[in-house]
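Residue numbers (the working numbering), protein chains in the order written: chain A, 102 to 636; chain B, 4 to 357.
From the three backbone atoms N, C-alpha and C, an ideal C-beta is built for every residue, glycine too.
To keep things clear, I will list the structure first and then write my remarks on it.
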């Protein structure tokens with residue numbers, strides 16, 4: 102009887118294992134040498150239309166499927182804009198008219214030639230559709246009413262763009278590198294127009310570009326597949342096919358990477374990065390991205406309006422401590438409002454935790470028993486930063502309470518100027534220094550009625566007529582080097598006097614198989630490049 | 004006597020059973036309709052009162068007030084809520100759930116894509132759960148208080164109390180990472196994706212239809228681990244339920260009678276007792292199956308399984324109300340449908356219910 106029981110137990114255990122045993126082991130293969138497989142999160146993509154797309158993953162696709170008048174050189178992003186579809190350009194003496202010569206012989210994936218008419222159509226489309234990112238172009242004065250005059254192809258190879266005022270050439274050209282200004286195949290898109298939608302309904306899920314890859318398919322939340330364009334003017338990409346899989350979980354990404362089932366994993370957590378560090382088949386690359394983490398002090402609070410108090414608080418953040426603990430590998434200490442790698446970047450980090458100095462500054466300002474409230478979104482790393490600040494502020498006798506809330510609540514408070522201290526992040530919208538300068542260092546009207554909620558300087562009620570002027574001058578400076586210097590000067594002043602304590606810049610850590618070379622994630626200024634990859 | 008009465012009954016009311024059946028059917032359909040409309044209404048209202056702005060989800064944070072207003076009106080949000088609901092119902096009846104803001108495609112198309120993935124996984128998991136859970140439960144009941152009972156209980160308890168997230172990861176690590184016995188996350192190796200034409204959307208079936216055994220094997224390779232893990236959970240639950248149903252059944256007098264009559268132990272347990280337990284068990288299994296068909300979000304995330312659970316969750320978190328409502332209709336239909344199906348099965352296994 103005992104034997105029978107044992108047999109039954111064995112049978113039961115066997116049955117439980119059967120499903121796994123049933124599927125036989127499989128020979129393990131690396132990905133083929135001319136196919137690139139990437140594990141990342143692509144659930145942010147809501148549209149593939151370049152004149153609408155404004156998400157990170159969508160920009161990655163657009164950057165490989167479309168081309169623009171000017172773009173970047175992935176082998177040296179710090180060079181700034183370089184010719185792409187536009188072979189050359191001229192700027193009129195008044196600085197308002199840009200004449201682009203279109204590179205001859207370029208073809209769209211459909212086989213249609215790339216002409217100035219396509220440029221005209223695509224840019225007019227951006228203004229006409231007025232989707233979220235269109236502000237990047239409308240800031241030059243383009244409106245649906247004037248696009249027939251301001252954005253014009255004079256012949257197949259000449260495109261003329263006229264701005265409403267004089268702007269820095271580099272400002273205009275930097276904005277033309279943004280996804281919103283990517284050029285689509287006007288014949289193809291027009292053939293899919295419906296109810297005056299500029300073909301948006303179709304282009305949301307299809308592609309009509311001339312870039313290194315054409316879109317094979319996009320399965321939302323699942324994957325997208327790209328196929329190399331044999332006519333790409335910079336040369337045929339080494340990777341004939343790129344398959345990007347939506348893998349939400351860092352641990353799952355790591356398993357796939359270590360098994361060799363994917364070549365690149367883009368969302369590994371610090372723990373998993375550390376976990377793969379011992380694996381010689383896997384390498385990790387760091388790249389700086391554009392996101393800035395900061396805290397700001399409302400100038401409506403009379404204590405925080407005192408310059409010495411502002412300075413004191415900047416000495417009361419444990420920058421290194423945070424970067425080396427809970428932000429490890431994810432953020433680096435950076436204290437200027439332009440992300441590193443931007444035109445006019447400032448590398449100085451003058452502040453570090455110095456409680457004695459802060460105490461002295463507070464005493465000089467005559468401030469005692471200060472009590473402050475930090476508002477912060479319910480998001481792990483931001484809360485940890487707020488808690489660290491609470492701790493270090495306390496060392497100088499400042500009592501801090503932390504209020505957490507949803508993005509909507511906290512941003513609502515920030516925008517209506519009802520707060521003491523806000524801890525949060527800012528990401529640049531387009532690859533030109535003006536994107537951050539305009540918000541951190543410009544406030545044309547500090548009154549409550551002005552309601553300039555888009556500008557951080559207004560949100561903190563910081564009245565800065567001089568700096569606003571300087572920012573405006575910088576955006577109009579024609580000379581690129583002079584312009585860069587102007588931003589450096591503005592940032593130095595900003596670093597010293599502003600109610601913004603800029604603390605960190607985002608680092609992206611990418612895990613890759615050691616045999617995968619030249620994957621460029623795009624730094625702070627652009628998106629990922631697949632056509633540079635070799636194995 | 005009894006026989007003739009039955010015959011008479013049958014003759015007298017030859018149209019009565021048909022009428023009764025029709026009435027029954029009409030009743031079922033009405034309750035189905037009321038349930039579905041009620042479900043839609045509640046979801047619709049929740050969607051409208053949620054502190055998420057569906058317009059903002061479409062236009063983004065930087066849109067101009069004019070553009071916001073334009074989309075607001077396009078989405079019909081300026082209409083009274085009842086009118087909005089009636090419009091919505093009209094669309095749903097035509098199978099039109101609108102466009103998902105998250106995927107830029109018709110919701111119906113999205114559901115047709117994600118639901119087969121869930122259906123395939125849930126069905127296999129349920130098969131595993133039932134084929135292991137029922138015998139294990141019977142075994143535990145028969146050997147109540149002895150070691151097979153303890154083994155089944157401990158094994159079941161382990162399955163029931165471990166977070167699926169953790170079991171999933173550990174399972175992947177061991178069977179995929181270390182041993183290489185099963186395929187990794189996803190429904191297929193990436194190079195097999197889209198090779199066989201999608202007929203049902205269920206790769207196991209589609210590959211068989213196409214006669215492609217390589218793809219079939221590969222799909223099996225990928226589904227076996229997530230299905231086993233979900234099946235394990237189900238097994239833990241089903242075996243506990245089977246055990247308690249069986250214990251109750253085995254204590255009844257007819258079991259004693261059957262044994263006294265000299266019936267073999269196998270016949271007593273497996274035919275008579277289990278036969279009577281089947282009715283409550285079917286409800287348990289049907290509801291568990293329905294739960295799995297709703298999509299198990301965590302398993303789907305760990306195994307990169309593009310199913311219904313992930314779809315609805317993503318939609319919910321991004322205020323993609325069309326997708327949420329579409330998903331709710333599907334889940335509602337599943338529950339109502341499986342309830343009807345288990346009612347039908349009752350009639351098959353229990354003559355009294357006919």
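Give, in chain order, every residue of the segment 163-195 of chain B whose Cβ lies closer than 8 Å to some Cβ of chain A.
172, 175, 176, 178, 179, 180, 182, 183, 184, 185, 186, 187, 188, 189, 192, 193, 194
Short CB-CB distance (under 8 Å) between residue 347 of chain A and chain B:
Taking the first chain and counting its residues from 1, the one referred to as residue 347 of chain A is at position 246. Cβ-Cβ to chain B under 8 Å: yes for residue 347 of chain A.
By the three-class DSSP mapping on this structure, what secondary structure does residue 261 of chain B have?
Working through the second chain from its first residue, we reach residue 261 of chain B at position 258. Three-state DSSP puts residue 261 of chain B in a helix.
Would you mind giving the Cβ-Cβ distance between residue 486 of chain A and residue 423 of chain A, rounded to the nearest angstrom? I have them listed as a contact below 8 Å.
On the first chain, residue 486 of chain A is found 385 positions in, with the first residue counted as 1. On the first chain, residue 423 of chain A is found 322 positions in, with the first residue counted as 1. Right, the Cβ-Cβ distance comes to about 6 Å (below 8 Å), so this counts as a contact.
Answer yes or no: does any C-beta atom of chain B fall closer than 8 Å to that of residue 231 of chain A?
Stepping through the first chain from its first residue, residue 231 of chain A is reached at position 130. At least one chain B Cβ lies under 8 Å of residue 231 of chain A.
Beta carbon of residue 504 of chain A, beta carbon of residue 476 of chain A: below 8 Å?
Taking the first residue of the first chain as position 1, residue 504 of chain A is located at position 403. Taking the first residue of the first chain as position 1, residue 476 of chain A is located at position 375. The beta carbons of residue 504 of chain A and residue 476 of chain A sit closer together than 8 Å.
Could you please give the first and the last residue of the uninterrupted beta strand (DSSP E) stretch that includes residue 71 of chain B?
Numbered from 1 along the second chain, position 68 holds the residue referred to as residue 71 of chain B. No beta strand (DSSP E) contains residue 71 of chain B, which is instead part of the alpha helix (DSSP H) from 68-77.
Please tell me whether residue 68 of chain B has its Cβ less than 8 Å away from any Cβ of chain A.
Within the second chain, numbered from 1, the residue matching residue 68 of chain B stands at position 65. No, residue 68 of chain B does not count as interfacial toward chain A.
Taking the alpha helix (DSSP H) that residue 415 of chain A belongs to, which residues open and close that run?
Position 314 of the first chain, counting from 1, holds the residue named residue 415 of chain A. Looking at the DSSP string, the run of the alpha helix (DSSP H) that includes residue 415 of chain A is 408-415.
Contact belief for residue 333 of chain B with residue 114 of chain B at Cβ below 8 Å, rounded distance in angstroms
For the purposes of this step, residue 333 of chain B is taken as residue 330 along the second chain, with counting starting at 1. For the purposes of this step, residue 114 of chain B is taken as residue 111 along the second chain, with counting starting at 1. Between residue 114 of chain B and residue 333 of chain B the Cβ distance is about 6 Å, and since that is below 8 Å, they are a contact.
Using a Cβ cut-off of 7 Å, pull out every chain B residue sitting near residue 344 of chain A, in sequence order please.
Mapped onto the first chain, residue 344 of chain A falls at position 243. Here the neighbours are 193.
Check whether the Cβ atoms of residue 309 of chain B and residue 323 of chain A lie closer than 8 Å to each other.
Along the second chain, one-based indexing puts residue 309 of chain B at 306. Along the first chain, one-based indexing puts residue 323 of chain A at 222. Against a cut-off of 8 Å, the Cβ pair of residue 323 of chain A and residue 309 of chain B comes out as a contact.
Please report the Cβ distance between residue 168 of chain A and residue 230 of chain A, rounded to the nearest whole angstrom; I am assuming they are in contact, meaning their Cβ atoms lie under 8 Å.
To locate residue 168 of chain A, count along the first chain from 1; it is residue 67. To locate residue 230 of chain A, count along the first chain from 1; it is residue 129. About 20 Å separates the beta carbon of residue 168 of chain A from that of residue 230 of chain A, a gap too long to meet the 8 Å contact definition.
Three or more beta-carbon pairs under 8 Å between the segment 381-396 of chain A and the segment 601-608 of chain A, yes or no?
yes
Would you call the segment 205-222 of chain B and the segment 168-184 of chain B touching, i.e. three or more CB-CB distances under 8 Å?
No, the segment 205-222 of chain B does not touch the segment 168-184 of chain B.
8 Å contact criterion, which residue 409 of chain A and residue 465 of chain A should meet: CB distance rounded:
The sequence position of residue 409 of chain A within the first chain is 308, counting from 1. The sequence position of residue 465 of chain A within the first chain is 364, counting from 1. Their Cβ separation, rounded to whole angstroms, is 5 Å, which keeps residue 409 of chain A and residue 465 of chain A in contact under 8 Å.
Among A:492, A:315, A:165, A:264, which one has its Cα closest to the Cα of residue 720 of chain A?
One cannot answer for residue 720 of chain A here, as it falls past the ends of chain A, which runs 102 to 636.
For a test of the three-state rule: what should DSSP assign to residue 322 of chain B, helix, strand or coil?
As a first step, residue 322 of chain B must be located in the second chain, where it is residue number 319. In this structure, residue 322 of chain B counts as coil in the three-state DSSP scheme.
How would you call residue 150 of chain B, buried or exposed, if buried means at least 16 neighbouring beta carbons within 10 angstroms?
Counted from its first residue, the second chain places residue 150 of chain B at position 147. The residue in question, residue 150 of chain B, is exposed, as its Cβ has fewer than 16 Cβ neighbours within 10 Å.
Are the segment 433-452 of chain A and the segment 375-394 of chain A touching by the rule of at least three beta carbon pairs closer than 8 Å?
yes
Less than 7 Å separating the Cβ of residue 124 of chain B from some heavy atom of the ligand SAH?
As presented, the structure is devoid of all ligands, the ligand SAH included, so that no description of it is given.
Start and end of the alpha helix (DSSP H) containing residue 150 of chain B?
By one-based count along the second chain, residue 150 of chain B stands at place 147. Start and end: 150-164.
Could you spell out where the beta strand (DSSP E) holding residue 171 of chain A opens and where it closes?
Within the first chain, residue 171 of chain A is the residue found at index 70, counting from 1. Here the beta strand (DSSP E) through residue 171 of chain A covers 171-173.
One or two residues paired with residue 140 of chain A in a DSSP bridge
Locating residue 140 of chain A in the first chain gives position 39, counting from the first residue. Partner(s): A:346, A:366.
By the 10 Å Cβ neighbour count, where 16 or more other Cβ atoms means buried, how is residue 210 of chain A classified, buried or exposed?
On the first chain, residue 210 of chain A is found 109 positions in, with the first residue counted as 1. Counting Cβ neighbours within 10 Å, residue 210 of chain A comes out buried, since at least 16 surround it.
Between the alpha carbons of residue 555 of chain A and residue 237 of chain A, how many angstroms are there, rounded?
Within the first chain, residue 555 of chain A is the residue found at index 454, counting from 1. Within the first chain, residue 237 of chain A is the residue found at index 136, counting from 1. C-alpha separation (whole angstroms): 13 Å.
Could you tell me the alpha carbon to alpha carbon distance between residue 469 of chain A and residue 509 of chain A, rounded to whole angstroms?
Counting from 1 along the first chain, the entry for residue 469 of chain A is found at position 368. Counting from 1 along the first chain, the entry for residue 509 of chain A is found at position 408. Distance between the alpha carbons of residue 469 of chain A and residue 509 of chain A is about 33 Å.
Thinking residue 345 of chain A and residue 325 of chain A are a contact (beta carbons under 8 Å), I'd like their distance in whole angstroms, please.
Against the first chain, residue 345 of chain A aligns to sequence position 244. Against the first chain, residue 325 of chain A aligns to sequence position 224. The Cβ separation is near 5 Å, so the contact holds.
How is the beta strand (DSSP E) around residue 600 of chain A delimited, first residue to last?
Within the first chain, the letter at position 499 stands for residue 600 of chain A. No beta strand (DSSP E) contains residue 600 of chain A, which DSSP labels as neither H nor E.
Got a sec: is the Cβ-Cβ distance from residue 307 of chain B to anything in chain A below 8 Å?
Locating residue 307 of chain B in the second chain gives position 304, where the first residue counts as 1. It does; some Cβ of chain A falls within 8 Å.
Using a Cβ-Cβ distance under 8 Å, would residue 121 of chain B count as near chain A?
The count along the second chain starts at 1 and reaches residue 121 of chain B at position 118. Closer than 8 Å: no.
Buried versus exposed, by CB contacts within 10 Å (16 or more), residue 169 of chain B
Start at 1 with the first residue of the second chain, and residue 169 of chain B comes out as number 166. Exposed.
Secondary structure, alpha helix (DSSP H): runs of 4+ residues fully inside the segment 441-466 of chain A
456-465
Which two residues bound the contiguous alpha helix (DSSP H) that contains residue 387 of chain A?
Stepping through the first chain from its first residue, residue 387 of chain A is reached at position 286. Segment 383-398 is the beta strand (DSSP E) holding residue 387 of chain A; no alpha helix (DSSP H) there.
Uninterrupted alpha helix (DSSP H) stretches inside the segment 470-510 of chain A (no shorter than 4 residues)
481-496
Chain B beta carbons: is any one of them nearer than 8 Å to that of residue 350 of chain A?
The count along the first chain starts at 1 and reaches residue 350 of chain A at position 249. Closer than 8 Å: yes.
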